[in-house]
Each structure stands twice: as C-alpha cells, then as structure tokens.
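Residue numbers (this note's numbering), protein chains in the order written: chain P, 72 to 191; chain E, 125 to 258. We put the CB at the ideal spot given by N, CA and C, even for glycine. See structure below.
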Amino acid sequence: MDEKVGVGGAWGWFLQRITGLFLAFFLIMHLKVLHLTSEWHLDFKVVTDRLQASGWWGVFYILFVPIAVFHGFNGAWGVIEDYRPGKASGSGIKAFLWVVGILLCIYGYLAINALLRKGA
Amino acid sequence: MYNKKPGIIGHYFHEINRNPNTGTWSWFLHRIAGVVLFLYLFPHFLVTGSYFLTGSTEKFDFWTKAVQTPLFHFLEILLISAVAFHLLNGLSVTIADFFLMTRKHKAIQWVSIIIFIAVMVLTVVMFVPRVLAH
Chain P
72 MDEKVGVGGA
82 WGWFLQRITG
92 LFLAFFLIMH
102 LKVLHLTSEW
112 HLDFKVVTDR
122 LQASGWWGVF
132 YILFVPIAVF
142 HGFNGAWGVI
152 EDYRPGKASG
162 SGIKAFLWVV
172 GILLCIYGYL
182 AINALLRKGA
Chain E
125 MYNKKPGIIG
135 HYFHEINRNP
145 NTGTWSWFLH
155 RIAGVVLFLY
165 LFPHFLVTGS
175 YFLTGSTEKF
185 DFWTKAVQTP
195 LFHFLEILLI
205 SAVAFHLLNG
215 LSVTIADFFL
225 MTRKHKAIQW
235 VSIIIFIAVM
245 VLTVVMFVPR
255 VLAH
C-alpha cells in the first residue's frame, strides 16, 4: 500500500479527458464527412477534392492528428501502467512512446499536407 | 491493490471476477475498444499517407481500393462500434469525473449504453448495404 501515484499522473488523467472531449467532436465530424456525406467509392480524386474544398480541413487535421495521437499513446501508457512496470523500464517505455508519438504527428502532418497541396 | 502481477490476459479475468459489475465491464470493453482504435491508427495512417510515402496517385488508389472490399466494409461496422462505445463510455466517465457524479455513474452509464445501441442499429442499417453492394 506504499505505492505512490506517479508524478504527472493527474496530468495524464486530466489531459486524457480533455483530449477525449476534443476527439468526440473531431471524430464525429471525421466519420460524418467520410461515411454520411461522402461518396461510397474513395480514390485519390475524391479524397483530395474533399480535403481541398475548404481551407478549414487543413486546420482540422493539423489539430486532430496530434490530439488523437496523444490520446492514443497516453491511453497505451495507462494500459502499460496497469501491469506496474518497474521504474527504469517504465520511464524507458514512456520515452519510447513519446518519440514514436511525436514522429507519428510529424508523419501525419506531412501525409495530410501532401494531399492538401496536390494539384491545388 | 494486489501484489501478485497477473498475466496480460489474466489481469482482465481477475478484475471481472473480483468485481463483476457494470463498471468493470465498461472498463474492460473501453480498454478493448481503445486498444483496437490505437492499433487501427497505424494502418489508417499508412493508407492515408501512401501518396506522401510513394509520391504516386496510383499507389494511393491501389491502397484505398484494397480497403474497400466487402470484408473491410464489414470491419468498418466493428470499427464504428469501437469508436461509438469508447466515445460514449468515455463521455460518461468524464461527466462522472468532472461533475462529481460518481454516485450517479451507473445511471449515466446506462444512458450511454442505450445511445450506443441506437447508434449501432443505425450503423448496421447504413453499412450492410455497403457490404452487399459489391
């Protein structure tokens, strides 16, 4: 019973809820546009036309990607924490998750950017 | 808090056996859905980024076509169920946490379950024609 709640644990809890609330909005929009208002058939032209129809889509995805990645990786850390990793392996895993998460955000930005600029 | 470390899967049986209530089930399903969505992120990023990665619109078309088969449209239903459950259950947890409504959490959870069922009925009605439209 002498276990301490990790430093920053409350931040992880708090940010998971805040990013979750943002994601509720972003994901509903994302799924609505993709599945309710979009064509059934998807290809390069359909996707780029849709993304380039409004300048807001760039803003939308540049916010959406890091928020989703943070929520996913913070959630993954929560799962790992349930197995109570040791202090050293815990911080190793945490550092690894941060690096992969940041790389994914950069990749996501570049991938969306390529679709936003093609033929625009 | 228990001191014995249960196995990766045993952990879940252990928790559900100890406390077989709606809250434990919601925690368990929330986790399954969360892990599924986390894993989904990677192939999704790869397919969406296939134009960035290869610089070829044909490659992008190839990969988007590969994920528009009846099987993938069926998996889409499961994906939406994971999103809907995780989102609604997450909202119910957040409401209980932020508005100090832990005592009412069970009622909030049932509301989220009813909304989830409604969303799934709509999703199945919408998506089954897609699965069959090939």
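- Collapsing the DSSP output to three states places residue 153(P) in a helix.
- If you draw a 10 Å sphere on the C-beta of residue 252(E), you find fewer than 16 other C-beta atoms in it, and that means exposed.
- Per DSSP, the unbroken alpha helix (DSSP H) holding residue 149(E) starts and ends at 146-172.
- Interface flag for residue 111(P) against chain E is set, since a Cβ pair is found closer than 8 Å.
- The Cβ of residue 120(P) sits no closer than 8 Å to any Cβ of chain E.
- 204(E) is the residue among 204(E), 221(E) and 166(E) whose C-alpha sits nearest the C-alpha of residue 240(E).
- Selection 83(P), 81(P), 82(P) and 92(P) evaluated against residue 218(E) yields 92(P) as nearest (Cα-Cα).
- Boundaries of the alpha helix (DSSP H) around residue 165(P): 158-188.
- Under the DSSP assignment, residue 250(E) falls in the alpha helix (DSSP H) whose first and last residues are 229-256.
- At least 8 Å separates the CB of residue 134(P) from every CB of chain E.
- Look at the region 131-142 of chain E: the residues with a C-beta under 8 Å from a C-beta of chain P are 132 and 135.
- In terms of beta-carbon proximity, residue 157(P) stays away from the interface with chain E, with every pair separated by 8 Å or more.
- Residue contact check for residue 96(P) against chain E: no CB pair falls below 8 Å.
- Where residue 215(E) is concerned, the enclosing alpha helix (DSSP H) starts and stops at 194-222.
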